[in-house]
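S.K.: With my numbering as the guide, the letters of the sequence shown map in order to residues 903 to 978. One structure, as structure tokens, below. Some questions next.
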Amino acid sequence: MADVPELHLVQNRCGGMSLVYEGRAYKLKRAARKKYWRCSKDKKGCNGAVWTNLDVTTVIKQNDHIETKAANWMST
Numbered sequence: 903m904a905d906v907p908e909l910h911l912v913q914n915r916c917g918g919m920s921l922v923y924e925g926r927a928y929k930l931k932r933a934a935r936k937k938y939w940r941c942s943k944d945k946k947g948c949n950g951a952v953w954t955n956l957d958v959t960t961v962i963k964q965n966d967h968i969e970t971k972a973a974n975w976m977s978t
């Protein structure tokens, strides 16, 4: 059986809740029929997001993160 990543709710320093999933932290942005969590790194243009059910027990959908890397090779 494959390992299933766990969902963890943790209290952030402002007293709110953050979601930790696959080693990344997310901030809750919306909750209606499902919860929408955005990447907590606040990187411009990062589309990292997770949608969960209201009980935060199941991931419904996930968007990949944008990884930024220095392009030192362009300066030569």
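Each residue gets a CB set at the ideal place from its N, CA and C atoms; glycine is no exception.
Under 7 angstroms between the Cβ atoms of Tyr923 and Lys931?
M.R.: Here the question's residue 923 lines up with position 21 in the sequence shown. Here the question's residue 931 lines up with position 29 in the sequence shown. Cβ atoms of Tyr923 and Lys931: not closer than 7 angstroms.
S.K.: Hey, how far is the Cα of Ala951 from the Cα of His967?
M.R.: As a position in the sequence shown, residue 951 is number 49, starting the count at 1. As a position in the sequence shown, residue 967 is number 65, starting the count at 1. Roughly 8 angstroms between the two C-alpha positions.
S.K.: Please tell me whether Leu911 and Met919 are closer than 7 angstroms, where the distance is taken between their beta carbons.
M.R.: Numbered from its first residue, the sequence shown carries residue 911 at position 9. Numbered from its first residue, the sequence shown carries residue 919 at position 17. A contact, by the Cβ cut-off of 7 angstroms.
S.K.: Given a cut-off of 7 angstroms on the beta-carbon distance, is the pair Lys936 and Asn955 in contact?
M.R.: Mapped onto the sequence shown, residue 936 falls at position 34. Mapped onto the sequence shown, residue 955 falls at position 53. Their beta carbons are under 7 angstroms apart, which means Lys936 touches Asn955 by this criterion.
S.K.: From the DSSP output, in three-state form, read off Ser977 for me.
M.R.: Reading the sequence shown from its first residue, position 75 is the one you call residue 977. Legend: pLDDT at Ser977 = 43, less than 50; position of this residue unreliable, value from coordinates given subsequently. Helix at Ser977.
S.K.: For Ile962, collect the residues of the same chain with a Cβ closer than 7 angstroms to its Cβ; drop the 5 residues on either side in sequence, then sort them by chain order.
M.R.: In the sequence shown, residue 962 corresponds to position 60, counting from 1. Around Ile962: Lys936, Trp953, Thr954 and Asn955.
S.K.: For Gly925, which option in Pro907, Asn965 and Gln964 has the closest C-alpha, if you only look at C-alpha atoms?
M.R.: Here the question's residue 925 lines up with position 23 in the sequence shown. Of the candidates Pro907, Asn965 and Gln964, the one whose C-alpha sits nearest the C-alpha of Gly925 is Pro907.
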